[in-house]
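J.: 123 is the number of the first residue of the sequence shown in my numbering; add one for each residue after it. Following this message is one structure expressed as structure tokens.
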Amino acid sequence: MSEEILINVTPRETRVALVENGMLQELHIERASRRGVVGNLYKGRVQRVMPGMQAAFVEIGLDRAAFLHASDIMRVPQVQPGESEEPAPPAPPPITSLVHEGQEIVVQVVKDPIGGKGARLTTQISIPSRYLVLLPYSRVIGVSARIEDETERARLKTIMAELVDGSGVGYIVRTNAEGQSAEALSEDVDYLRRAWQIIRDASGTTKVGERIYDDLSLPLRAVRDLMRKDVDKVRVDSRETFDRLMAFARQFMPDLAERVEHYVGERPVFDLYGVEDEIQRAMQKEVPLKSGGYLIVDQTEAMTTVDVNTGSFLGQRNLEETVYRTNLEAAQSVARQLRLRNLGGIIIIDFIDMTDDEHKRQVLRTLEKGLARDHAKTTVYDFSPLGLVEMTRKRTTESLERQLCEPCHECSGRGSLKTAETVIYEIFREITRAVRQFEASQLLVIASPKVVTKITDEESAAVAELEEFLGKGIRFQMDEQYAQEQFDVVLL
């Protein structure tokens, strides 16, 4: 499989695209005005303890107080998705025995503020490097579950046991460490020890609401987290960013540094692979399939739903075979769309109904295989009695749509508008209400051109009846600035 990382830098925005076999798979965006805070450490103060929620709200200097659950205080540190193999921690004691109001506390952000919710915090700190994650409050030595070769797992554990030997801290060996030498891992251990000492020193002098530790900028994080042996090139269109990336790569991944190159082509780097077009398509609800079928992706506050349809695909054999082929293609497309759109939380996939159990197993296997390369942790469940596939995908940042878009000012995010006819009848009711409450010889209605045109053309008889009933004259005036649902009734 061919992979490339494309980095597009402008003065106020940086975008990183992960392209596999010429197809955009992931897009990460960082803007100067709204940089993500996941991974950052802060000196916080407990504002309020909520025993009924087993949680506390902590002031860390962001717009909204952040959320700290009791389980995030007591459990084993949170690390990169899929990279811990520790058992589930025991139930935490009451939150009131763990923290109290006014208490100063060092916390790490594990989830950005999303929607109306504040950031989510943990006190169990984890510091990532190229190949390792340092767990300063744990003694476990774990290996990423994605390293499946038992011989390699044993080799890495042996190396780490020798490197750590009595240091009193824990480490998780990341997926990128597969095949790396003891020397490379030793360099990471030294780097993390220095970083942790700097953090400890800073935590004693930092004031409440100030940042103690700042995670790397997006380009450096992308190289640290996405750069693997099967990544052919990292193309960056900024000389300054290229120089920083090269310095970082030479220090932490010298064997891969030669794959980083400064892109100086006339065409924008994202245009090489049609990334801009893919971003625009990722804003649409409908996702076409090559067979002629299509998906409908609908993100709501509670969950994301994906509906699979055969569309124009008729197949060549029978209905069951047509449905099976469509669902197989849809499973691959769903896996890609979840990564591309960065959709998280609860996800419900409504595949087309199948009667063959083997076909169902194959569709699930295809979905799981497509999700195997996803950096976010995913859990897929079997088909429900209603024929739905339920799954979860860990969410730490806003979805792509919510990063790039805002609710429609016309419909306030409903996705639909009242018809002109509905607005007309609302106007008639408002006219009747106004006349009963206030004295006026005439009324002026200001509304959108579409509504006024429909009133004067199709509802003129109703207007005449209303004028006769009220004994008042009614005039209508168009205003281009009015949305379809807006109108004003003015008493003259």
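We put the beta carbon where it would ideally sit given N, CA and C, even for glycine. The structure presented is a predicted model; accordingly, all values stated were derived computationally and were not measured.
Using the C-alpha atoms, what's the distance from Gly144 back to Ile127?
T.: Taking the first residue of the sequence shown as position 1, residue 127 is located at position 5. Taking the first residue of the sequence shown as position 1, residue 144 is located at position 22. Going from the Cα of Ile127 to the Cα of Gly144 covers about 11 angstroms.
J.: Can the beta-carbon of Val311 be found less than 9 angstroms from the beta-carbon of Val345?
T.: Here residue 311 corresponds to residue number 189 of the sequence shown, with the count starting at 1. Here residue 345 corresponds to residue number 223 of the sequence shown, with the count starting at 1. No. Outside cutoff.
J.: Quick check: Ile471 and Thr518, are their CB atoms within less than 9 angstroms of each other?
T.: Along the sequence shown, read from residue 1 onward, the residue named residue 471 stands at position 349. Along the sequence shown, read from residue 1 onward, the residue named residue 518 stands at position 396. No, they are not a contact pair.
J.: Taking the alpha-carbon of Arg322 as reference, which of Leu450, Lys165, Arg157, Val612 has the nearest alpha-carbon?
T.: As a working mapping, residue 322 is identified with position 200 in the sequence shown. Of Leu450, Lys165, Arg157, Val612, the residue nearest in Cα terms is Lys165.
J.: Please say whether Leu146 and Glu400 have beta carbons closer to each other than 9 angstroms?
T.: For the purposes of this step, residue 400 is taken as residue 278 along the sequence shown, with counting starting at 1. For the purposes of this step, residue 146 is taken as residue 24 along the sequence shown, with counting starting at 1. Yes, they are a contact pair.
J.: Would Tyr335 and Ile249 be called neighbours here (beta carbons separated by less than 9 angstroms)?
T.: Numbered from its first residue, the sequence shown carries residue 335 at position 213. Numbered from its first residue, the sequence shown carries residue 249 at position 127. Yes. Within cutoff.
J.: How is Gly467 classed by DSSP in three states: helix, strand or coil?
T.: Residue mapping note: residue 467 aligns to position 345 of the sequence shown, counting from 1. Correct three-state label for Gly467: strand.
J.: Using the Cα positions of Asp359 and Val131, report the straight-line distance between them to the nearest angstrom.
T.: The count along the sequence shown starts at 1 and reaches residue 359 at position 237. The count along the sequence shown starts at 1 and reaches residue 131 at position 9. Rounded to the nearest angstrom, the two C-alpha atoms are 7 angstroms apart.
J.: If I'm right that Ala371 touches Val353 with Cβ under 8 angstroms, what's the distance once you round it to whole angstroms?
T.: The count along the sequence shown starts at 1 and reaches residue 371 at position 249. The count along the sequence shown starts at 1 and reaches residue 353 at position 231. In fact, because the Cβ distance is near 12 angstroms, the residues do not count as touching under 8 angstroms.
J.: Under a three-way DSSP split, which group does Asn298 fall into?
T.: Position 176 of the sequence shown holds residue 298. Helix, per DSSP.
J.: So, at 7 angstroms on beta carbons, what are the nonlocal neighbours of Gln454 in its own chain, with the 5 sequence-adjacent residues on each side left out?
T.: For the purposes of this step, residue 454 is taken as residue 332 along the sequence shown, with counting starting at 1. Taken in chain order, the residues that qualify are Thr488, Gly492.
J.: Might you give, ordered along the chain, the residues of its own chain that have their beta carbon closer than 8 angstroms to the beta carbon of Leu378, omitting 5 neighbours on each side?
T.: Your numbering for residue 378 matches position 256 in the sequence shown. If we look at Leu378 and ignore the five residues flanking it on each side, its Cβ neighbours are Met349, Lys351, Val353, Ala371.
J.: To the nearest angstrom, how far is it from the Cα of Gly290 to the Cα of Glu362?
T.: The count along the sequence shown starts at 1 and reaches residue 290 at position 168. The count along the sequence shown starts at 1 and reaches residue 362 at position 240. The alpha-carbon of Gly290 is positioned some 39 angstroms away from that of Glu362.
J.: Check this for me: beta carbons of Ile474 and Val430, under 9 angstroms apart or not?
T.: The residue given as residue 474 occupies position 352 in the sequence shown. The residue given as residue 430 occupies position 308 in the sequence shown. With respect to Val430, Ile474 sits close: the two C-beta atoms are nearer than 9 angstroms.
J.: Taking Thr327 as part of the alpha helix (DSSP H), name the residues at either end of that continuous run.
T.: Here residue 327 is taken as the residue at index 205 of the sequence shown, counted from 1. Annotation for Thr327: the continuous alpha helix (DSSP H) segment containing it runs 304–327.
J.: Does the stretch 563–580 touch the stretch 598–613, meaning 3 or more C-beta pairs lie closer than 8 angstroms?
T.: yes
J.: Between Gly537 and Gln373, what straight-line distance do the alpha-carbon atoms span, to the nearest angstrom?
T.: Position 415 of the sequence shown, counting from 1, holds the residue named residue 537. Position 251 of the sequence shown, counting from 1, holds the residue named residue 373. Straight-line Cα distance between these residues: approximately 50 angstroms.
J.: Am I right that Val180 and Leu243 are in contact with their C-beta atoms under 8 angstroms? What's the rounded C-beta distance?
T.: If you number the sequence shown from 1, residue 180 lands on position 58. If you number the sequence shown from 1, residue 243 lands on position 121. That belief holds up - the Cβ atoms of Val180 and Leu243 are roughly 6 angstroms apart, short of 8 angstroms.
J.: Determine the direct distance from the alpha carbon of Leu510 to that of Asp504, and round the result to whole angstroms.
T.: Against the sequence shown, residue 504 aligns to sequence position 382. Against the sequence shown, residue 510 aligns to sequence position 388. Rounded to whole angstroms, Asp504 to Leu510 spans 8 angstroms at the Cα level.
J.: In whole angstroms, what separates the C-alpha of Gly415 from that of Ile263?
T.: What you label residue 415 is simply residue 293 of the sequence shown in a count that begins at 1. What you label residue 263 is simply residue 141 of the sequence shown in a count that begins at 1. Roughly 47 angstroms between the two C-alpha positions.
J.: Helix, strand or coil for Asn449? Go by DSSP, reduced to three states.
T.: Here residue 449 corresponds to residue number 327 of the sequence shown, with the count starting at 1. Looking at Asn449 - three-state DSSP - the assignment turns out to be helix.
J.: Of all the alpha helix (DSSP H) runs that stay within the bounds of the stretch 343–426, which reach a length of 4 or more residues?
T.: 361–374, 397–403
J.: Using the C-alpha atoms, what's the distance from Leu539 back to Glu207?
T.: Reading the sequence shown from its first residue, position 85 is the one you call residue 207. Reading the sequence shown from its first residue, position 417 is the one you call residue 539. Low confidence applies here, because Glu207 scores a pLDDT of 46, under 50, leaving its location unreliable and the question unanswered by this model.
J.: Could you tell me if Arg551 is buried or exposed, where buried requires 16 or more neighbouring beta carbons within 10 angstroms of its beta carbon?
T.: Working through the sequence shown from its first residue, we reach residue 551 at position 429. Arg551 is exposed by the Cβ-count criterion.
J.: Please name the residue in Arg447, Lys499, Gly467, Arg495 whose C-alpha comes closest to that of Glu480.
T.: One-based indexing of the sequence shown puts residue 480 at position 358. Nearest in C-alpha terms to Glu480, of all of Arg447, Lys499, Gly467, Arg495, is Arg447.
J.: Just curious, the alpha helix (DSSP H) that Ala542 is in, first and last residue?
T.: For this step, residue 542 is matched to residue 420 along the sequence shown. Its alpha helix (DSSP H) spans residues 542–559.
J.: Between the alpha carbons of Asn449 and Ile281, how many angstroms are there, rounded?
T.: Residue mapping note: residue 449 aligns to position 327 of the sequence shown, counting from 1. Residue mapping note: residue 281 aligns to position 159 of the sequence shown, counting from 1. Whole-angstrom Cα-Cα distance: 45 angstroms.
J.: By DSSP, does Gln606 sit in helix, in strand, or in coil?
T.: As a first step, residue 606 is located in the sequence shown; it is residue number 484 there, counting from the start. In this structure, Gln606 counts as coil in the three-state DSSP scheme.
J.: Gly183 and Glu520 - do their beta-carbons sit closer together than 9 angstroms?
T.: Stepping through the sequence shown from its first residue, residue 520 is reached at position 398. Stepping through the sequence shown from its first residue, residue 183 is reached at position 61. No; because the gap between Cβ atoms is not below 9 angstroms, this pair is not in contact.
J.: Can you tell which of Glu142, Arg134, Arg153, Glu223 has the C-alpha that lies nearest to the C-alpha of Ala177?
T.: For this step, residue 177 is matched to residue 55 along the sequence shown. Minimum Cα distance to Ala177 is reached at Glu223.
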